[in-house]
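Enquirer: Below: one structure in structure tokens.
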Amino acid sequence: MEYVSKRLRIIDAAWRLGLRPVLLAAWDRSPPARSLARRALADAPVPHGPFWPEALPPAPALPAAHRAAVLARAAAVVAGDWHGPFPAGAPALGLDLFGPGDVRPVWERNRWAELVLLAQAARLAPGRGFGRRAAALLADWAARNPAFRGPNWASAQEAALRVLHLALALAGAPLPPGARALVRLHGRRIAATPAYGMAQDNNHAISEPAGLLACGLLLGEPAWVATGERRLAAARRRLVAADGSFAQLSTGYHRLLLDVLAVTEWLRRRHGLAPAPPDPAPVAWLQRLVAAETGATPRLGHQDGSAFADLSLAGPADARPSLERAARLLAGRSAGFEGDPGCAWMGLAAGPPLTAPEAAWTVQGLRGWRCGRVRAVLRTGPLRFRPAHADLLHLDLWDGPLNLLRDGGTGSYNPWRAELWATAGHNTVEFDGADQMPALSRFLHARWPECGLLPEGGWLVDHRGNRQERRVWPEGRRWRVEDRLAGPWRRAALRWRLAPADWRLAADGVAGPLGRLRVTADAPLALTLEAGVESPDYGVLRPVPVLVARITAPACRVTTLIEVPE
């Protein structure tokens, strides 16, 4: 019976994904496609140097403090373990990417971000050997990562991101023979499995054609340029909506989307291609969610801890440099961070300011409100592309840079932190201890709820017939959230995940130095302040207080009053 039930859930998930991605995934896994890919990725000789140009362009002017930070960070770069727990010599296409451990940190370590840093340092201090260190790093990588073997050739997206980093590092300098050979291998890897990236309907479908385009521009290969341009344009039309929403609803991956598009646009212009038409919508999408004081964003969806093309040394926690770079390159505007050193390094002039975020806004999958320093975002529907977490009607609330009511985050992909991705890991209602939708794997859910918008919020109906309506009323520093419940449920739990502080349980909620929450219902409820867990960074877990309101049917209305002190 369990086998039949799982098969039905798989069929349900395939139906919801749609025919196109299902057929693409089926082709990618088919014997003919695998055979073609293996033939395209036959063993190749290890590239030999030289890997680094003899000279790079002069460095642009940078603030003294940032210049010193770049040199200090570059001096600390060391070659490390390229493979983690994964076998370096196994064929990449058949490699088990979950059994040995977590491949995500391995891939991050192999994106050649250090090359960008060393190239900056080499241009800032030409006589200090940073160029030689960059050449040695590439030579070591090439020797220890034979073509199409090991974890670092398993993903076409990772190959694409490496090439984009190399292009950014070289800043137009000619490719030496060793680097040309490496780029050609990367182009072959990206071109070998296009169906996989297109089937994902996520960042792969953007990054992989961008990487192929970069390979074509660096090598002067018109076929790769044309294919990359065509597939990238098609992916943007399919995955980026007119309101700027990305198919993969995630603040982290939306930032990667902007980073990849911005670096690709910079590279296109340097190689004489016509600038793309301005597209401010995806930039404005992220602008609404970034805390201007710190660059922090809500942990909506998957968060993998990446900071691609981090010329400003901001790290994954600060999205402001990515936002400013994207505003200038993709929209011809400025996001209000005119002094960004990364933009100065790339020679990007500031433009007129982006339109300020609205007091109330709606885009695909989200609604937001802003009232003075307090702002909130509600995860809504309807769902067109696959959801990452069971997080519908989750509410994030911020007081300036303080994330008062927060998402639990991601934890890691392996081990899969199911408790963070589940409904219980979010500020929403959980019916009868079950998720809004059953998880089939780390990245796929079945039986997506029906969901939509209300004038003040959103609604959902899960596959069991349980209904939640959430309405939000901003009233200065006093916000009211009302949840209306219906359906066959017997017990429900409303959770509010709180910022760490000295919270004290009261008869009607919690109080502490950061604010007060009062929870009432039209039937008796039980309130507890519990120890939960959250993931502020990829792979990091820490305790977090959670206010839990347990409700028994036939309750149908629960009201939360949130008071934020002045």
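Residue numbering for the sequence shown follows this note's numbering, beginning at 1124 and increasing consecutively.
We treat Cβ as the ideally placed atom computed from N, Cα and C, and that holds for glycine.
Can you tell me whether residue 1158 is buried or exposed, with buried defined as 16 or more other CB within 10 angstroms of its CB?
Expert: That one is exposed.
Enquirer: Return yes when the Cβ of residue 1608 is within less than 9 Å of the Cβ of residue 1589, no when it is not.
Expert: yes
Enquirer: Going by DSSP in three states, residue 1491 sits in which element: helix, strand or coil?
Expert: strand
Enquirer: Verify whether the separation of the beta carbon atoms of residue 1223 and residue 1207 is less than 9 Å.
Expert: The answer is yes: Cβ separation under 9 Å.
Enquirer: State yes or no: is the C-beta of residue 1668 within less than 9 Å of the C-beta of residue 1593?
Expert: no
Enquirer: When the distance is taken between beta carbons, is residue 1390 closer than 9 Å to residue 1471?
Expert: no
Enquirer: Beta strand (DSSP E) containing residue 1572: first to last residue?
Expert: Run containing residue 1572: none; DSSP gives neither H nor E here.
Enquirer: By the three-class DSSP mapping on this structure, what secondary structure does residue 1330 have?
Expert: Collapsing the DSSP output to three states places residue 1330 in a helix.
Enquirer: Sort 1425, 1429 and 1415 by Cα distance to residue 1447 and report the nearest one.
Expert: 1415
Enquirer: With a 10 Å radius around its C-beta and 16 neighbouring C-beta atoms as the bar for buried, classify residue 1153 as buried or exposed.
Expert: exposed
Enquirer: Between the alpha carbons of residue 1436 and residue 1658, how many angstroms are there, rounded?
Expert: Their backbone Cα atoms lie some 22 Å apart in a straight line.
Enquirer: Could you give the residue range of the alpha helix (DSSP H) that holds residue 1253?
Expert: Per DSSP, residue 1253 belongs to the alpha helix (DSSP H) from 1253-1267.
Enquirer: Quick one: is residue 1373 buried, meaning 16 or more other Cβ sit within 10 Å of its Cβ, or exposed?
Expert: buried
Enquirer: Taking the CB atoms as reference points, tell me whether residue 1522 and residue 1552 lie closer together than 9 Å.
Expert: no
Enquirer: Enumerate in chain order the residues of its own chain whose CB-to-CB distance from residue 1627 is below 7 Å, with the five nearest sequence positions on each side excluded.
Expert: Closer than 7 Å at Cβ, skipping near neighbours: 1633, 1634 and 1635.
Enquirer: Using 9 Å as the threshold, is the C-beta distance between residue 1411 and residue 1347 below it?
Expert: no
Enquirer: Taking the CB atoms as reference points, tell me whether residue 1694 and residue 1351 lie closer together than 9 Å.
Expert: This structure gives no information on residue 1694, because the portion of the chain shown stretches from 1124 to 1689.
Enquirer: Can you tell which of 1566, 1383 and 1630 has the C-alpha that lies nearest to the C-alpha of residue 1286?
Expert: Answer by Cα proximity: 1383.
Enquirer: Locate the beta strand (DSSP E) running through residue 1518, then write down its first and last residues.
Expert: 1518-1522
Enquirer: State the DSSP-derived secondary structure class of residue 1243, mapped to helix, strand or coil.
Expert: helix
Enquirer: Mind checking who residue 1606 pairs with in its DSSP beta bridge?
Expert: 1593 and 1681
Enquirer: Tell me which same chain residues have a C-beta within less than 8 Å of the C-beta of residue 1556, skipping the five on either side of it?
Expert: 1614 and 1616
Enquirer: Can the beta-carbon of residue 1426 be found closer than 9 Å to that of residue 1661?
Expert: The answer is yes: Cβ separation under 9 Å.
Enquirer: In terms of DSSP beta bridges, what is residue 1673 paired with?
Expert: 1616 and 1649
Enquirer: Between which two residues does the beta strand (DSSP E) carrying residue 1553 extend?
Expert: 1552-1554
Enquirer: Under three-state DSSP, which class holds residue 1163?
Expert: helix
Enquirer: Give the DSSP-derived three-state secondary structure of residue 1320 in the structure shown.
Expert: helix
Enquirer: I'd like the list of long-range same chain contacts for residue 1645, defined as Cβ closer than 7 Å, with 5 residues on each side in sequence excluded.
Expert: 1678, 1679 and 1680
Enquirer: May I ask you to report which of helix, strand or coil DSSP gives residue 1310?
Expert: Here residue 1310 sits in helix by DSSP.
Enquirer: If we ignore side chains and look at the alpha-carbon of each, how far apart do residue 1075 and residue 1236 end up?
Expert: Because the chain in this structure spans residues 1124 to 1689, residue 1075 falls outside the shown range and cannot be described.
Enquirer: Taking all protein chains shown into account, do 16 or more other C-beta atoms lie within 10 angstroms of the C-beta of residue 1171, making it buried, or fewer, making it exposed?
Expert: exposed
Enquirer: By how many angstroms is the C-alpha of residue 1312 removed from the C-alpha of residue 1355?
Expert: 17 Å
Enquirer: May I ask you to report which of helix, strand or coil DSSP gives residue 1629?
Expert: strand
Enquirer: Quick one: grab the DSSP three-state call for residue 1478.
Expert: coil
Enquirer: In this structure, what does DSSP give as the bridge partners for residue 1352?
Expert: BP columns for residue 1352 are empty, so no partner.
Enquirer: Is the beta carbon of residue 1256 closer than 9 Å to that of residue 1200?
Expert: Contact flag set, yes.
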